[in-house]
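Here is the structure we will look at, set down as structure tokens.
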């Protein structure tokens, strides 16, 4: 398992468990959470595809 997979597992776990933590009770907190998590996923995938020039499926 690569770092690529670990980061996706951690982000997926956060998305699944975050609503139950009590940290995201306001609408603005939910919006910021979605923006930050989306940016992390997009930037990491962009880095992985452009800098590494590699994908898992061949």
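Numbering (this note's numbering), first residue to last: -3 to 54.
From the three backbone atoms N, C-alpha and C, an ideal C-beta is built for every residue, glycine too.
These numbers come from a predicted model, not from an experiment.
Item: For residue 0, which residues of its own chain have a beta-carbon under 7 Å away from its beta-carbon, when the five flanking residues on both sides are left out?; Value: 44
Item: Which residue wins for smallest C-alpha separation from residue 10, given the options 42, 24, 29, 47?; Value: 29
Item: Using the Cα positions of residue 3 and residue 24, report the straight-line distance between them to the nearest angstrom.; Value: 25 Å
Item: Residue range of the alpha helix (DSSP H) that residue 8 falls in?; Value: -1 to 13
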